[in-house]
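Residue 79 in full-length UniProt numbering is what sits at position 79 of the sequence shown, and the numbering runs on without skipping anything. Note that beta-carbon positions come from the ideal geometry of N, C-alpha and C, so glycine has one too. Since the structure comes first, as structure tokens, the remarks are kept for the end.
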Amino acid sequence: MQVKSRHHLRSDAISALQESLADSFGSELAGDSYELVELSETKFDVVLVDGEQLVAYLDDEPFLTVQGANEYPPTKSVVTVDAGAVSFVSNGADVMRPGIVEADDEIEAGDLVAIAEETHGKILGIGRALEDSDAMVGDSGKVVDSIHHVGDDLYTFSV
């Protein structure tokens with residue numbers, strides 16, 4: 001990933017970003033410095049909050065990175081997977097119904113979701129819900145497309 005441009009966000013853009021993350025993930029992001037890093041050759045742009053890559057944009061939609069979600073744990077839009085799914089999700093696999101033990105009641109198909117592991121609640125990845133929450137738990141089928149996970153290019157990116 002190559003840096004195309006970098007610039008500090010204006011206060012109105014910061015407020016909009018914080019509001020969007022509070023609405024979608026229930027996370028109250030706080031920081032003194034917000035810098036947008038536009039990247040080439042990738043579908044993501046990154047927001048550095050006090051120098052840490054805590055937020056990314058996908059098609060102009062902000063979401064917490066894995067690091068951001070672990071620093072500012074989401075209270076909404078969380079899908080929890082069992083121990084058997086951890087290694088798969090951590091390696092970028094999509095989330096399948098049998099691995100889900102719980103899903104936030106307000107998730108709708110198309111929402112960005114945080115994928116947490118059951119034992120410690122750590123976030124392993126971010127994905128896009130393919131089903132509403134009431135259809136996520138079950139016996140078979142893919143329900144979350146993985147878009148960002150521990151160890152991927154976005155996770156390991158540094159400026």
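### Query
Do you know offhand how far LEU130's Cα is from TYR57's?
19 Å
### Task
Ignoring anything shorter than 3 residues or poking outside the UniProt domain "PUA" (77-151), list the beta strand (DSSP E) runs there in chain order.
78-81, 100-103, 112-117, 123-129, 142-149
### Message
Three or more C-beta pairs under 8 Å: does that hold for the region 109-121 against the region 66-85?
### Response
yes
### Task
State the DSSP-derived secondary structure class of PHE157, mapped to helix, strand or coil.
coil
### Task
Could you tell me whether the Cβ atoms of ARG97 and GLY127 are closer together than 7 Å?
no
### Task
Let me know the secondary structure DSSP gives SER5 once reduced to three states.
strand
#### Entry: Cα-Cα separation, GLU35 to LEU21
16 Å
### Task
Name the one or two DSSP bridge partners that PRO40 has.
It should be noted that the sequence gives Ser, not Pro, for residue 40. SER40 is bridged to GLN2.
### Query
Roughly how many angstroms lie between the CA atoms of GLU106 and ASP132, to the nearest whole one?
8 Å
### Task
Below 8 Å on the Cβ atoms is my guess for MET1 versus GLU38; work out the distance and round it to an integer in Å.
Rounded, the Cβ-Cβ distance is 10 Å, inconsistent with contact.
### Message
Across the region 88-102 and the region 58-68, are there enough close Cβ pairs to call them in contact, namely three or more that are closer than 8 Å?
### Response
no
### Neighbour-count burial assignment, HIS148, 16 or more Cβ in a 10 Å radius
buried
### Task
Please determine, among ALA30, LEU154, GLY51, the residue with the shortest C-alpha to C-alpha distance to ARG6.
GLY51
### Query
How about GLY125 and SER140: do their beta carbons lie closer than 7 Å?
no
### Query
In angstroms, rounded to a whole number, what distance separates the CA positions of VAL99 and GLY26?
Checking the sequence shown, residue 99 turns out to be Gly, not Val. Straight-line Cα distance between these residues: approximately 24 Å.
#### Entry: Integer Cβ distance of GLN18 from LEU29, believed to fall under 8 Å
5 Å
### Query
Run through DSSP, which three-state label would ALA30 get?
coil
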